Each structure stands twice: as C-alpha cells, then as structure tokens.
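Structure, as structure tokens:
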Amino acid sequence: FGSRLSGFGSCSRLSTCAMSPAAMSSLAVLVAVAAAGPANTAGSLRGEPRGLSGACPAGTGRPVSGSPCMTCPEGTWSSGKQETCTRCAAGTWSGVVALKSESGCNRCPAGMWSTQEGAIAPSACQSCPAGRWSNGTGLSAPSQCVQCVKGTWSAKMGATSESVCKQCEAGKWSPTLAATSAEACSNCAMGRYSMVSGAWSPDTCKACQQGTWSSEEGASTSSVCTACGAGKWSPAEGAISASTCSSCAPGRWNSKLGSFSPTSCLECSSGTYSSTLGATTVSTCQPCGLGTYQPIKAAADKGLCIPCAVGNFSNSEGADTCSYCPEGSYGDAFGLTACKSCPKGTWTRSAGAIREDLCYSWVKPPSPSPAPSAPKDIYP
4 FGSRLSGFGS CSRLSTCAMS PAAMSSLAVL VAVAAAGPAN TAGSLRGEPR
54 GLSGACPAGT GRPVSGSPCM TCPEGTWSSG KQETCTRCAA GTWSGVVALK
104 SESGCNRCPA GMWSTQEGAI APSACQSCPA GRWSNGTGLS APSQCVQCVK
154 GTWSAKMGAT SESVCKQCEA GKWSPTLAAT SAEACSNCAM GRYSMVSGAW
204 SPDTCKACQQ GTWSSEEGAS TSSVCTACGA GKWSPAEGAI SASTCSSCAP
254 GRWNSKLGSF SPTSCLECSS GTYSSTLGAT TVSTCQPCGL GTYQPIKAAA
304 DKGLCIPCAV GNFSNSEGAD TCSYCPEGSY GDAFGLTACK SCPKGTWTRS
354 AGAIREDLCY SWVKPPSPSP APSAPKDIYP
C-alpha cells in the first residue's frame, strides 16, 4: 500500500523511504488499518466513526480515503479545504510538518532548480548547469535556466546573473548558445581580423585589404596585415601568404609598400631597359648605349636597344631616337656614334647620307639671307 501515500512524502516504495516522524506516525495508522482487515478499513480508529470523509483541518490530511486525518508530513501542505495533503510543487521544498499553506513551501533560490515534487530539504534544489544562469526562484526544470547568448560562455554552475557569461575575445567568435568554455570561441581565419568582443558570426572577421596579407589566426587588429613589399602588388583581399604578392614585371619598378594593382609598377622610360623582376627603384632602368636608341617604354631587355640605322648616329646614352648625319657628312654603318665628314671640296645635298659617293664636288649653297625687318613707323 506504499503507492497510496500520495500526500505523504516523495517516495513511492516504503522499503527505500527516509521518512519523518510525522510520516512514520501516519504510516503506523495505515498499518493498523490494513492489519484490521477489509471489514474494518472503514471502521473507527481512536473512537472515530467508520467511513470517514470530508475536508480535514488545515495542516492535516487522510493518508488513504476513509482514514482519519493525520498531520501532513514534510514536503506537503493542506489548507483545510481538501481531504489529502498536497505535495510542494517542483521547484520548492519544506521541512515543516502540518504546513497549512502552499506559500510555506520554500522556493529553490536563484541559480537553482528542482523537478522533485514534495521535496523536504533544500538539497533537492540543483544548480543551473554551466553555460546558463537564472535570477528567478522556484525553477522546476534546468531548461528554465537562461542560456548564455551566442558569442559568450560560462563555466560557472548555479549562476544568478548574466554577467557570468564571458564574451569571446576580439579575434574570435562563437555561434553556440549556452557554451561552457572559451574553447567554444573559434579564431578568425588567417587573412582576417576582428576588433569586436562577443562576436557570434565569422562575418565580423574583416579581410585584410588588397596589397596586404596575414598568416595569423585569431587576429584582433589590422596591424597583423603585412603590406606587400616594394616592387610587388596584390589584388586579393584576405590573403594569407606573402606568395600572393606578385612582382612587378621586368621593365617596371615600384618603390611603394602595399600596392594592389599592376598599374602601381611604373614604366622605365624610353631609351632605357630593365631585366629585373620586382624592381624597387628607377635606378634599375639602365640607359641604352651609345649608337643605339629605344623608342618604347617598359623595355625589358638590353636586346631591345636598337642600333642606329645607316645615315644616323647617337652620341648619348639613353637616347629614344637617332639623329640624321648632318649635311657634309655620311654614315655608312649601323650603330654609329658619329658621322664621317665628306672629303675636302665635296658636300652632300641633304642630311642622312649613307655613302661617301653621295658627297659631291659642288659648292655648298649659301645660307639664306635673313628676312628684311619691318619698316619703321614714319609717322610721329
């Protein structure tokens, strides 16, 4: 008949219950009723009439239907309006006998909960698990403990305030509710950084800008983004290695750090060349030699320096064009630095002569007379 003690304690098996003195007294009455046999179960005990019914006085209740009113044991209460003692609700407890009101059931304190009905001691209240907290009392399930939000975590059990939920550090993020350790916070990936604490999404991790790179995980500042060196450039955002920085092509150079476009690589001027990959200074642009010229920019090889054609010469380095041999001279070879003079008494009829036989025995025409000056004003 242990299962019939619905209002007398929290145990259902008599062999395993740890009962209070009041509950033991009630149990003795039950034993006496059962021992008297079926014919007397509704009979009188202590002079009470058989077949008792109706509400019991406050703080008492009938262990079984028809039995006398007995003192409510710990963990139960009766207001005088019912026959049986009612168990204290889950989330509450009472160590007092003959309790006359549900308000006498003590609520589990903040940060704790209990699913047990009819609890007789505060030990029935259990702490909210790590990753959760509660500032309310009388919780009847662990799910009623509030979860730490995404981007935070807590290892503390029985927490009573949201302040125990620690934010993920800058450079980290976590999408997990009710996280219990800092290990739930993931690092921003290489090539990214975040200055935000308590982040819950990887979208808060910003990419290193073009022309920079970073191999560090969990970075909390943009200072980890290393600029591509002089003579290099990179169009990639969120780059993770210096290998993403491309070198300026031969014939070009760049002295700036953190460049993100090949247009940042400046061209060697016409008349010069450079075979250096990733050049960092204009001094790598070497002038074409005497007797040669270079009409294009960004020349990448000395072989692009062109020898002056016959009838032409160049007597300076870095020339972008060759000059005609002047009248009275000729050039009969490629790559001349000076033209040869016609033999005495001869003269060429035009500049750029390519052979000596173009020097003719004729008098050089006189230079044209200067144009006459405008007449002076004859009027005062």
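Be aware that the sequence shown starts at 4, since it is given in our numbering, and climbs by one per residue.
Ideal Cβ positions, reconstructed from N, Cα and C, are used throughout, including at glycine.
Note that the structure is predicted; figures quoted are calculated from it, not measured.
Item to check | Cα-Cα separation, L48 to S106 | outcome: Low local confidence applies: a pLDDT of 31 at L48 is under 50, so the model's placement there is unreliable, with the coordinate-based value given in what follows. Using only the alpha carbons, I get a separation of about 32 Å.
Checklist entry - Taking the C-alpha atoms as reference points, what is the distance between G321 and L269? => result 17 Å
Item to check | Local Cβ density within 10 Å of K175, reported as buried at 16 or more and exposed below that | outcome: buried
Next on the checklist: Please state the DSSP three-state secondary structure of P178.
Outcome noted: coil
Checklist entry - Quick one: what does DSSP say K235 is sitting in, helix, strand or coil? => result strand
Checklist entry - Does the stretch 290–298 come close enough to the stretch 247–256 that 3 or more CB-CB pairs lie under 8 Å? => result no
Checklist entry - Nearest-angstrom Cα distance between E165 and S137? => result 8 Å
Checklist entry - Which class does A336 belong to by DSSP, given the choice of helix, strand or coil? => result coil
Next on the checklist: Cutting at 8 Å between CB atoms, please list the residues of its own chain near V34, excluding the five before and the five after it.
Outcome noted: With a pLDDT of only 40 at V34, under the threshold of 50, the placement of this residue in the model should not be trusted, and no figure is reported.
Checklist entry - What distance in whole Å lies between the Cβ atoms of S272 and G254, which are believed to be in contact at a cut-off of 8 Å? => result Incorrect: roughly 10 Å between the Cβ atoms, too far for contact.
Checklist entry - Taking Cβ to Cβ, would you say G214 is nearer than 8 Å to S262? => result yes
Item to check | Rounded C-alpha distance that separates L260 from G114 | outcome: 56 Å
Checklist entry - Across which residues does DSSP place A162 in a beta bridge pair? => result W136
Next on the checklist: Suppose you measure from the CA of G139 to the CA of S68; what does that come to, to the nearest Å?
Outcome noted: 38 Å
Checklist entry - For Q129, which three-state DSSP category applies? => result strand
Checklist entry - Are the beta-carbon atoms belonging to G334 and N318 less than 8 Å from one another? => result no
Item to check | Nearest-angstrom beta carbon gap, T287 and W256 [assumed within contact, 8 Å] | outcome: 6 Å
Item to check | Distance, C191 Cα to P205 Cα | outcome: 7 Å
Next on the checklist: Using a 10 Å radius around the Cβ and a threshold of 16 neighbouring Cβ atoms, would you call G348 buried or exposed?
Outcome noted: exposed
Next on the checklist: Helix, strand or coil, according to DSSP, for V199 in the structure here?
Outcome noted: coil
Item to check | V227 burial status per 10 Å Cβ neighbour count (16 or more: buried) | outcome: buried
Checklist entry - In this structure, does DSSP put T247 in helix, strand or coil? => result helix
Next on the checklist: Could you pull the DSSP bridge partners for M193 from this structure?
Outcome noted: Paired residues: none, contrary to the question.
Next on the checklist: Is the beta carbon of G57 closer than 8 Å to that of T95?
Outcome noted: no
Item to check | Length of the line joining the Cα atoms of C59 and S82 | outcome: 9 Å
Item to check | Spatially closest choice to W156 from R135, S117, V199 and T163, by CA coordinates | outcome: R135
Checklist entry - So what's E359 in DSSP terms, helix, strand or just coil? => result helix
Item to check | Distance CB(R216)-CB(I243) smaller than 8 Å | outcome: In the sequence on display, residue 216 carries Trp and not Arg. Yes, Cβ-Cβ distance for W216 and I243 is below 8 Å.
Item to check | Beta-carbon proximity check, M2 vs T224, cutoff 8 Å | outcome: No information on residue 2 is available, as it lies outside the stretch 4 to 383 that the chain covers here.
Checklist entry - Ordered along the chain, which non-local residues of its own chain (more than five positions away) have a Cβ less than 7 Å from that of V167? => result W136, S157 and K159
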